[in-house]
Amino acid sequence: MGRYLITSALPYINGIKHLGNLAGSMLPADVHARFRRMQGHEVLFICATDEHGTPAELGALEAGLDVRSYCDQQHDLQRDVCARFGLSFDWFGRSSSRQNRELTQHFAERLEEAGLIEERTTPQVYSIDDRRFLPDRYVEGTCPRCGYESARGDQCDNCGALLDPVDLIRPRSKISGSGRLEVRDTTHLFLLQDRMAERIRAWVDAAQEWPPLARSIAYKWLDEGLQPRAITRDLDWGVPVTKNGRPRPGFEDKVFYVWFDAPIEYIAATAEWADATGAEWRRWWLMPEGGDDVTYVQFMGKDNVAFHTVSFPVTLFGSGEPWKLVDRLKALNWVTWYGGKFSTSERRGVFMDQALDLLPADYWRWRLMANAPENADSAFTWSDFQNGVNADLVNVLGNFVNRVVRFGEARFESVVPDGGTPGPLELSLFEELDSHLRALTEHHDAMEFRRAAAETRAIWAAGNQYLQRAAPWSAIGADAPAAACSLRTALNLACLGARVSAPFLPYTARTILDAFGVADRPLRWPTAAAAVLLDELPRGQPVAPLPLLFRRIEDTEIADWSARFGGEE
RNA sequence: GGGCCCGUAGUUCAGCUGGUUAGAACACGCCGCUCAUAACGGUGUAGUCGCAGGUUCGAAUCCUGCCGGGCCUACCA
Numbered sequence: 001m002g003r004y005l006i007t008s009a010l011p012y013i014n015g016i017k018h019l020g021n022l023a024g025s026m027l028p029a030d031v032h033a034r035f036r037r038m039q040g041h042e043v044l045f046i047c048a049t050d051e052h053g054t055p056a057e058l059g060a061l062e063a064g065l066d067v068r069s070y071c072d073q074q075h076d077l078q079r080d081v082c083a084r085f086g087l088s089f090d091w092f093g094r095s096s097s098r099q100n101r102e103l104t105q106h107f108a109e110r111l112e113e114a115g116l117i118e119e120r121t122t123p124q125v126y127s128i129d130d131r132r133f134l135p136d137r138y139v140e141g142t143c144p145r146c147g148y149e150s151a152r153g154d155q156c157d158n159c160g161a162l163l164d165p166v167d168l169i170r171p172r173s174k175i176s177g178s179g180r181l182e183v184r185d186t187t188h189l190f191l192l193q194d195r196m197a198e199r200i201r202a203w204v205d206a207a208q209e210w211p212p213l214a215r216s217i218a219y220k221w222l223d224e225g226l227q228p229r230a231i232t233r234d235l236d237w238g239v240p241v242t243k244n245g246r247p248r249p250g251f252e253d254k255v256f257y258v259w260f261d262a263p264i265e266y267i268a269a270t271a272e273w274a275d276a277t278g279a280e281w282r283r284w285w286l287m288p289e290g291g292d293d294v295t296y297v298q299f300m301g302k303d304n305v306a307f308h309t310v311s312f313p314v315t316l317f318g319s320g321e322p323w324k325l326v327d328r329l330k331a332l333n334w335v336t337w338y339g340g341k342f343s344t345s346e347r348r349g350v351f352m353d354q355a356l357d358l359l360p361a362d363y364w365r366w367r368l369m370a371n372a373p374e375n376a377d378s379a380f381t382w383s384d385f386q387n388g389v390n391a392d393l394v395n396v397l398g399n400f401v402n403r404v405v406r407f408g409e410a411r412f413e414s415v416v417p418d419g420g421t422p423g424p425l426e427l428s429l430f431e432e433l434d435s436h437l438r439a440l441t442e443h444h445d446a447m448e449f450r451r452a453a454a455e456t457r458a459i460w461a462a463g464n465q466y467l468q469r470a471a472p473w474s475a476i477g478a479d480a481p482a483a484a485c486s487l488r489t490a491l492n493l494a495c496l497g498a499r500v501s502a503p504f505l506p507y508t509a510r511t512i513l514d515a516f517g518v519a520d521r522p523l524r525w526p527t528a529a530a531a532v533l534l535d536e537l538p539r540g541q542p543v544a545p546l547p548l549l550f551r552r553i554e555d556t557e558i559a560d561w562s563a564r565f566g567g568e569e
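Note that the working numbering numbers the first sequence so that position 454 is 454, with each residue one more than the last.
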């Protein structure tokens with residue numbers, strides 16, 4: 001058995017994430033982690049909140065809290081909603097942890113020893129009334145090209161022009177609206193990424209199995225030439241800048257840039273986990289200490305690819321230490337919301353907590369993964385969601401399990417019946433399932449979620465198909481043993497359908513398997529031949545009554561939700 | 001501006017390195033079943049594969065141009 005280190009891109013601390021964030025990284029990572037655990041691999045699934053940066057400071061300000069308390073509160077909210085969504089992190093850490101502070105400082109100092117750090121002084125917009133430096137996009141003004149009045153300092157949303165904050169006409173702070181801005185010189189640490197370009201390129205060249213999206217983004221950056229990149233900021237909230245373990249002179253009021261410390265949190269969160277559980281984290285992250293037999297899989301949205309394929313590897317390689325780098329990388333596109341993006345800041349779309357108020361996690365998990373944005377952005381619409389849930393979960397899986405159980409109650413006293421032997425119908429079912437199982441395992445292995453979902457569904461559908469052909473309700477009068485064999489096979493098939501659905505539908509799978517008295521925890525991924533799998537339940541074993549697994553989503557609900565959340569006018 | 005991706009049945013999508021009548025799911029029609037949440041099964045209708053050229057014995061598949069949509073472009077994370 002192998003060892004899998006799985007990370008999901010870190011959700012930013014501000015606010016509970018929307019379904020787009022969930023579908024783009026945390027959820028596919030969870031499905032994969034569950035699959036690998038079921039296969040019996042040793043899995044460490046890591047996520048964390050990304051807590052530093054300007055938005056966190058501003059969020060705290062708005063909430064009337066100090067930044068630490070604000071992050072404490074937001075972290076707890078996110079951890080709770082992730083847990084309720086069934087995201088099975090082995091550890092959900094915080095980039096503001098002591099461990100991350102220490103590792104971030106460690107990396108920076110190592111990079112400096114390697115000659116990859118340089119102090120540079122650059123002009124930066126300073127807001128006198130906000131008493132802070134402003135990131136480019138926190139400066140607003142009139143676009144010099146098209147005259148749009150709310151252009152941001154980095155780009156005009158109206159005409160698309162790439163801007164510098166000083167280009168803006170009548171610039172003002174996006175935070176306070178104040179126009180009292182000035183340009184001040186400020187000194188920052190720059191990471192000389194350009195010196196690592198060849199190393200990174202060779203590494204990307206070798207990463208043949210990355211998805212095209214990831215490779216093309218990485219190559220684009222490399223082809224344009226890696227630039228030295230500022231890795232510190234003029235902020236209060238973040239990892240303090242040190243030199244030889246002491247506050248770095250001239251940097252007392254500065255911290256590391258959030259994008260420098262955030263990926264390091266993957267490692268630090270592992271250290272948090274280790275400290276909390278008494279485990280050892282180096283065997284996951286340092287090549288000589290066990291990392292060389294770890295398969296490291298990263299999940300992220302497409303916006304994050306450059307940081308994972310270029311920036312973070314520069315940090316790791318540049319340290320000169322034998323850190324583990326990503327082996328397999330899954331980059332997803334966006335789930336879109338009625339022609340636009342989900343937006344946390346504008347509260348556009350459905351958020352994880354709201355989703356759970358409407359329906360249990362498995363409904364969302366299924367639809368988001370069956371329609372995962374793998375090759376392109378995929379649209380979330382209420383009617384799609386309704387249709388997908390009703391057709392797949394209610395009609396196919398829920399109905400199949402229900403009719404099998406109910407028939408067993410009516411005719412076999414809710415016991416796995418003995419008697420009868422498989423005939424031609426069963427043999428052809430075995431053959432079909434062997435092929436489905438092979439394909440399904442391959443799709444999970446390749447992290448192709450839509451295909452895996454479609455194959456999972458095909459297994460459920462095979463159940464309804466089989467039942468219809470076997471028609472034990474007709475056979476039972478004339479040939480009781482044949483009916484017994486049919487029901488036994490169908491009961492086992494319901495179990496199998498539940499088992500293979502577990503990565504997508506962890507709650508439902510457990511509910512079904514508990515009712516059938518299946519005891520293995522954690523669940524095993526089926527590897528045996530279908531002929532064996534469909535006769536696993538001990539004959540005579542009782543089957544507990546099962547309530548309906550899924551309820552139909554009604555048109556009236558869709559109308560109501562559309563009105564409440566927008567979209568589908 | 002530069003780069004990348006996408007445009008295939010009403011809808012969401014498969015179609016790898018070009019090769020018999022272009023596939024699936026959903027929706028829709030018809031038939032069947034009654035164990036089941038009017039769910040299930042069978043079957044059928046449905047596509048000039050964005051447009052225009054080109055290469056080829058042969059292109060949805062390769063090349064060029066155009067149209068339409070999306071994404072990335074380094075100080076939001």
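Don't be surprised by glycine CBs; every beta carbon is placed ideally from N, CA and C.
Straight-line gap, residue i to residue j (C-alpha atoms, nearest Å)
i    : j    : result
R170 : L134 : 15 Å
I200 : H444 : 29 Å
P240 : H106 : 12 Å
Y4   : H41  : 7 Å
G318 : G301 : 25 Å
R411 : L19  : 44 Å
E51  : N100 : 11 Å
Q155 : Y148 : 11 Å
P123 : V183 : 6 Å
S96  : L235 : 14 Å
V125 : L226 : 24 Å
T556 : E198 : 59 Å
P165 : M196 : 30 Å
A33  : C82  : 15 Å
R615 : D130 : Outside the shown range of the chain (1 to 569) lies residue 615, about which nothing can therefore be said.
N14  : P55  : 7 Å
F89  : L44  : 8 Å
D194 : L437 : 47 Å
DSSP three-state assignment for residue i, whether helix, strand or coil
i    : result
A269 : helix
L549 : coil
T456 : helix
D30  : helix
H188 : strand
R131 : coil
L5   : strand
Y507 : helix
S435 : helix
H443 : helix
I13  : coil
E62  : helix
P247 : strand
L332 : strand
I117 : strand
I558 : helix
Endpoints, alpha helix (DSSP H) assigned at residue i
i    : result
Y70  : V67 to R84
E42  : First-last for E42: E42 to T49, but that is the beta strand (DSSP E), not the alpha helix (DSSP H).
P171 : Looking at the DSSP string, P171 is not in any alpha helix (DSSP H); the run it does join, the beta strand (DSSP E), is I169 to S173.
G408 : N399 to F412
G566 : G566 -> no alpha helix (DSSP H), and no H or E assigned at all.
F107 : R98 to E113
S383 : W382 to G388
R94  : Careful: R94 lies outside any alpha helix (DSSP H), inside the beta strand (DSSP E) at W91 to R94.
Residue nearest to residue i in terms of C-alpha spacing, selected from the options
i    : options                   : result
P526 : G497, P538, Y466 and D185 : G497
L610 : F85, E209, S88 and G423   : This structure leaves residue 610 out entirely; the chain is present only between 1 and 569.
L191 : G179, S216, L116 and E265 : L116
R132 : V67, E57, C71 and V204    : E57
A559 : A391, G24 and Q386        : Q386
E119 : M38, G250, R68 and A480   : G250
Start-to-end residues for the beta strand (DSSP E) that takes in residue i
i    : result
Q298 : V294 to G301
T421 : No beta strand (DSSP E) contains T421, which DSSP labels as neither H nor E.
Quiz prompt | Cβ contact check for the region 505-524 and the region 463-473: 3 or more pairs under 8 Å | solution = Result no; under three Cβ-Cβ pairs closer than 8 Å.
Practice problem: Tell me, please, whether the region 225-233 touches the region 281-288 by the rule of three or more beta-carbon pairs shorter than 8 Å. | Solution: The region 225-233 makes no contact with the region 281-288: fewer than 3 CB pairs, one atom from each, lie closer than 8 Å.
Quiz item: Is there contact here, the region 213-220 with the region 294-311, by at least three beta-carbon pairs under 8 Å?
Solution: Here the region 213-220 makes contact with the region 294-311; the two share three or more CB pairs at distances below 8 Å.
Quiz item: Would you call the region 408-423 and the region 541-549 touching, i.e. three or more CB-CB distances under 8 Å?
Solution: Because the criterion of three Cβ pairs below 8 Å is met, the region 408-423 and the region 541-549 touch.
Self-check item: Cβ contact check for the region 517-526 and the region 458-465: 3 or more pairs under 8 Å
Solution: Pairwise C-beta distances place the region 517-526 out of contact with the region 458-465, as fewer than three of them are shorter than 8 Å.
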